[in-house]
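Residue numbers (the UniProt record's numbering), protein chains in the order written: chain V, 1 to 193; chain L, 1 to 294. Every residue gets a Cβ at the ideal spot worked out from N, C-alpha and C, and that includes glycine.
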């Protein structure tokens, strides 16, 4: 049978004179044990804990300089998350192809509102393992039926084929059967949405 | 049109139907299932387990076992092209077009150096350091339209990307971060709130050292002299005139780099950031200063 070293101080022996600070995982709160802080008696009763040694003279913390209103606080603020999606400042050009909504589009009888990320809410929905493609135009305000007629006419002229649509008045969306996302986004940009 | 009639119809239906009450409320048919299994002479039959064999005894064969045949999954010889793929470092891509879009929509601030923390902060880059993601791979899609002058630090970049950024007068560095530092960079606020000291960044593993010390890849451990030489070489290769950094109005921003042991811009390892009292704890203890010195 293997000999088991049964001592209460088995762990303390390792800590003596060492920096007991496990960085970023500090279970001991940055405490340091010094050699004189642990006393080891010569004989010991194992039947009770009354004679257990007390750990004393622990230096509680490392010394830190506390800097109030530090000059580096600007860097800290840089890392804090954005509270909201930022409003886009007007620029002379947008190389990525983003286009700002125009004011005059609000005079039209129908309107497509931008989503929270300032993009036009026209999406492609793929279902039945890629068999069914549906272009979904969301967030439509105003006369949705008029807009439906215009879209149908526009797509018929553009693609030379009849395009099936589905209008959901309550849900404020139109489903167009087929992948017409880029064509419809260009159409919406042309309308000024 | 249709929807108006539907409203009328449903309202008419509502008027004629009886009100829901406790007296006529019941579960949907089939929504409740009896979990009891019948016993005895007539109730206790096979209970859906069938007759004979492993189906009856419910000691099913192990997956792929073909009752003694050479199993299908062993029949073809194995060529392990992707051996150890689940241990390799992954760099989730973001293209120059996407980066330009982030800049156009004011998600990243180009007046300050861009690093992985600011890209993740935009909220449009999915990044999971615990899934062996080791940072940003900046890809060359949209290299032709890219028009921003930036100081960016990524973890992986190709030559075209480096050329596209330097053509606009920008600066690019590739830098390695260990997964623990990347976790801090992903959500710095969460880390500051824990009240722990900012750790040191680890040096790259042996197989990544070559990449991060090469001037061609603009590694953060490369010789700056060689990098400026290579900037000129790349400009000649791709045929653009290299803008002079020293004449730039934003020269100080473009020159800002992190220390190889530093994780956050402007914050040194060993510091503790207190968000509540808006103060920073800087270590004075010599032992700590020695530990955190790079």
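7 Å Cβ cut-off: residues of chain V touching residue i
i	result
residue 97 (chain L)	96
residue 188 (chain L)	79
residue 273 (chain L)	76
residue 117 (chain L)	79
Assumed close pair residue i, residue j - CB separation to whole angstroms, cut-off 8 Å
i	j	result
residue 173 (chain V)	residue 140 (chain V)	6 Å
residue 110 (chain L)	residue 119 (chain L)	The Cβ separation is near 12 Å, so there is no contact.
residue 179 (chain V)	residue 136 (chain V)	Between residue 136 (chain V) and residue 179 (chain V) the Cβ distance is about 11 Å, and since that is not below 8 Å, they are no contact.
residue 157 (chain L)	residue 172 (chain L)	6 Å
residue 269 (chain L)	residue 292 (chain L)	5 Å
residue 72 (chain V)	residue 267 (chain L)	6 Å
residue 84 (chain L)	residue 73 (chain L)	Actually they do not touch by this definition, with Cβ atoms about 20 Å apart.
residue 366 (chain L)	residue 175 (chain L)	Only positions 1 to 294 of chain L appear in this structure, which leaves residue 366 (chain L) out of reach.
residue 105 (chain V)	residue 193 (chain V)	5 Å
residue 263 (chain L)	residue 198 (chain L)	6 Å
residue 107 (chain L)	residue 122 (chain L)	4 Å
residue 155 (chain V)	residue 167 (chain V)	The Cβ separation is near 14 Å, so there is no contact.
residue 124 (chain V)	residue 138 (chain V)	Rounded, the Cβ-Cβ distance is 12 Å, inconsistent with contact.
residue 279 (chain L)	residue 66 (chain V)	6 Å
Proximal residues of chain V, C-beta to C-beta of residue i below 9 Å
i	result
residue 264 (chain L)	75, 76, 78, 79
Residues that residue i contacts on chain L, provided the C-beta gap is smaller than 8 Å
i	result
residue 83 (chain V)	What residue 83 (chain V) touches in chain L: nothing, since even the nearest Cβ is about 11 Å away.
residue 89 (chain V)	106
Listed by chain order, chain L residues near residue i by CB distance under 7 Å
i	result
residue 66 (chain V)	279, 281
residue 62 (chain V)	283, 285, 288
residue 72 (chain V)	266, 267, 280
residue 118 (chain V)	105
Within chain V, the residues that residue i reaches when beta carbons sit closer than 8 Å
i	result
residue 135 (chain L)	The contacting residues do not exist; residue 135 (chain L) stays about 16 Å from chain V at best.
residue 170 (chain L)	What residue 170 (chain L) touches in chain V: nothing, since even the nearest Cβ is about 14 Å away.
residue 100 (chain L)	95, 96
residue 146 (chain L)	95
residue 121 (chain L)	79, 81, 82
residue 112 (chain L)	78
Nearest to residue i (by Cα), restricted to the options the options
i	options	result
residue 107 (chain V)	V:142, V:78, V:55, V:89	V:142
residue 105 (chain L)	V:105, V:69, V:148, V:91	V:91
residue 237 (chain L)	L:201, L:282, L:261, L:167	L:167
residue 37 (chain L)	L:28, L:149, L:49	L:49
residue 246 (chain L)	L:239, L:240, L:255	L:255
residue 69 (chain V)	V:77, V:63, V:62	V:77
residue 294 (chain L)	L:193, L:204, L:271, L:200	L:200
residue 186 (chain V)	V:47, V:56, V:112	V:112
Chain L residues whose Cβ lies nearer than 9 Å to that of residue i
i	result
residue 86 (chain V)	105, 106, 107
residue 115 (chain V)	Here the premise fails: no neighbours, minimum Cβ distance about 12 Å.
residue 69 (chain V)	278, 279
**Prompt:** Quick one: complete alpha helix (DSSP H) runs, 4+ long, within the UniProt region "Disordered" (22-56) of chain L?
**Reply:** 40-43
Any chance you could list the beta strand (DSSP E) runs of at least 3 consecutive residues sitting entirely within the region 69-129 of chain L, in chain order?
93-95
Worksheet item: Touching or not, the region 219-238 of chain L and the region 108-121 of chain V, by the rule of three or more beta carbon pairs under 8 Å?
Response: no
Quick test of the definition: if touching needs 3 or more C-beta pairs under 8 Å, does the region 139-152 of chain L touch the region 214-229 of chain L?
no
- Task: Starting from the N-terminal side, write out each stretch of the beta strand (DSSP E) that is 3 residues or longer and does not extend beyond the region 80-135 of chain V.
- Result: 110-112, 122-127
Contact between the region 156-169 of chain L and the region 180-199 of chain L is defined here as three or more beta-carbon pairs at a separation below 8 Å; is this criterion met? Under the three-pair Cβ rule at 8 Å, the region 156-169 of chain L does not count as touching the region 180-199 of chain L.
ask   = Should the region 281-288 of chain L be regarded as contacting the region 84-98 of chain V, the criterion being three or more beta carbon pairs within less than 8 Å?
value = Touching, no, given that fewer than three Cβ pairs across the two stretches are closer than 8 Å.
Query - Inter-stretch contact at 8 Å, needing at least 3 Cβ pairs: the region 84-95 of chain L / the region 129-138 of chain L - result: Contact holds: three or more Cβ-Cβ distances are below 8 Å.
Review point. Quick one: complete alpha helix (DSSP H) runs, 4+ long, within the region 162-209 of chain L?
Key: 179-186, 188-194, all fully within the region 162-209 of chain L.
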